[in-house]
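These notes are about the structure you will find just below.
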Amino acid sequence: MGTVRTSDGAHLAYEQGGAGRDLVLVHGVTESRHAWDPVVADLESRWRVTAVDVRGHGESERRAPYDAVTFASDLATIVDTLDLERPLMVGHSMGGVIVSAYGGAGHPARGIVNVDQPMALGTFKAALEPLISMLQGDDASFREAVSTVFAVLDGALPAAERARLDALARPEQAVVLGVWSQVFELAAVELDALAAELLSGIRVPYLAIHGSDPGVEYVQWLLGIVTNARVEVWPDTGHYPHLVDPARFGQRLDQFDGGL
211 MGTVRTSDGA HLAYEQGGAG RDLVLVHGVT ESRHAWDPVV ADLESRWRVT
261 AVDVRGHGES ERRAPYDAVT FASDLATIVD TLDLERPLMV GHSMGGVIVS
311 AYGGAGHPAR GIVNVDQPMA LGTFKAALEP LISMLQGDDA SFREAVSTVF
361 AVLDGALPAA ERARLDALAR PEQAVVLGVW SQVFELAAVE LDALAAELLS
411 GIRVPYLAIH GSDPGVEYVQ WLLGIVTNAR VEVWPDTGHY PHLVDPARFG
461 QRLDQFDGGL
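Add 210 to the 1-based position in the sequence shown for our numbering, that's all there is to it.
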């Protein structure tokens with residue numbers, strides 16, 4: 211494990227292995243770089259893989275703020291400090307928002323891969339709204355709400371893999387509320403406008419892989435902003451298509467990169 215210090219002094223943990231073109235992996239909320247472990251060994255046979263713990267997660271420092279722009283700036287610091295050469299940026303869930311914001315800010319990248327994170331966040335707000343009081347309540351209520359959010363996401367994820375993710379997860383109320391603060395505070399239309407603004411600066415190829423169909427309306431919305439985006443649905447793989455079929459995921463990254 212190594213660490214990088216950000217512009218505001220936060221220490222971020224990362225792990226690097228393999229050789230070849232650069233690839234960066236960014237995990238979801240409450241998780242850590244180890245969420246990617248089932249795909250890392252395969253990827254490291256062809257890539258130099260840098261898996262990061264974003265601030266507030268894993269072995270990185272707990273230091274607010276926890277918004278997408280700050281996370282993306284942190285990634286840029288890691289890429290620059292480690293001298294990564296136009297990496298392929300791959301993010302799952304919250305990580306999909308982060309790598310999208312990274313690309314939208316014009317930071318160096320070969321391409322952006324967003325794994326099962328719809329960017330029209332107004333829909334997420336509608337799903338989260340009934341749980342807001344629990345999320346903001348005592349520790350027991352908070353943990354119950356987080357479990358409720360994740361309970362419907364597994365799809366075909368094997369039970370052993372769910373147990374592994376549960377063992378890794380560290381749901382910390384201050385961090386989760388920080389990550390989702392804009393979802394609580396902004397209206398759905400404002401969230402979608404903010405997401406569109408984050409996406410509008412993307413000029414590199416963009417691949418979105420979904421484990422369930424995000425709907426025609428969403429795809430049209432995304433393609434209207436990121437004109438070179440490609441959207442794929444891997445049916446019935448749920449929120450973790452990369453963990454349901456790691457070999458397919460690795461092959462798809464190779465194919466995507468090969469077309470860049």
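No residue lacks a Cβ here, since even glycine has one placed at the ideal position from N, Cα and C.
This structure is a prediction, so every number in the text was calculated from the model and none was measured.
Are there 16 or more other CB atoms within 10 angstroms of the CB of alanine 397, so buried, or fewer, so exposed? For the purposes of this step, residue 397 is taken as the residue at position 187 of the sequence shown. Exposed, since its Cβ has fewer than 16 Cβ neighbours within 10 Å.
Uninterrupted alpha helix (DSSP H) stretches inside the segment 332 to 418 (no shorter than 4 residues): The qualifying runs are 342 to 345, 349 to 361, 369 to 378, 383 to 389, 391 to 395, 398 to 409.
Does DSSP put leucine 253 in a helix, a strand or coil? By 1-based counting over the sequence shown, the position of residue 253 is 43. Reduced to three states, the DSSP call for leucine 253 is helix.
By the DSSP assignment, the alpha helix (DSSP H) with tyrosine 428 in it spans what residues? Numbered from its first residue, the sequence shown carries residue 428 at position 218. Where tyrosine 428 is concerned, the enclosing alpha helix (DSSP H) stretches over 426 to 435.
Given proline 328, which residues of its chain have a CB within under 8 Å of its CB, disregarding the five upstream and five downstream residues? Looking up residue 328 in the sequence shown gives position 118. Cβ within range, chain order: Phe334, His420, Pro424, Tyr428.
Out of His317, Gly347, Asp232, Tyr416, state which residue places its alpha-carbon closest to the alpha-carbon of glycine 434. The count along the sequence shown starts at 1 and reaches residue 434 at position 224. The candidate whose alpha carbon is nearest that of glycine 434 is Tyr416.
Those runs of the alpha helix (DSSP H) which lie wholly inside the segment 241 to 302 and span at least 4 residues: 247 to 254, 278 to 291
Which residues in the same chain as leucine 378 place their Cβ atom closer than 8 Å to its Cβ, once the five residues preceding and following it in sequence are excluded? For this step, residue 378 is matched to residue 168 along the sequence shown. The residues are Glu241, Ser242, His244, Ala245.
Got a sec, what are the start and stop residues for the beta strand (DSSP E) arginine 440 sits in? As a working mapping, residue 440 is identified with position 230 in the sequence shown. Arginine 440 -> beta strand (DSSP E) spans 439 to 443.
Residues bridged to alanine 223 [DSSP beta-bridge criterion]: By 1-based counting over the sequence shown, the position of residue 223 is 13. Paired residues: Thr213.
Can you have a look at valine 385 and say buried or exposed, based on whether 16 or more other CB atoms are within 10 angstroms of its CB? Your numbering for residue 385 matches position 175 in the sequence shown. So valine 385 counts as buried.
So, with DSSP's three-state summary, where would you put histidine 237? As a working mapping, residue 237 is identified with position 27 in the sequence shown. Coil, per DSSP.
Among Gly219, Leu341, Asp326, Glu339, which has the Cα closest to the Cα of threonine 447? Residue 447 sits at position 237 when you count from the first residue of the sequence shown. Of the listed residues, the one whose Cα sits closest to threonine 447 is Asp326.
Just tell me which of Leu294, Asp290, Gly238, Arg272 has its CA closest to the CA of isoleucine 308. Within the sequence shown, residue 308 is the residue found at index 98, counting from 1. Out of Leu294, Asp290, Gly238, Arg272, Gly238 has the C-alpha closest to the C-alpha of isoleucine 308.
Nearest candidate by alpha-carbon position, reference alanine 370, set Asp218, Pro248, Val399, Leu408: Position 160 of the sequence shown, counted from the start, is the residue given in the question as residue 370. When each option's Cα is compared against that of alanine 370, the closest is Pro248.
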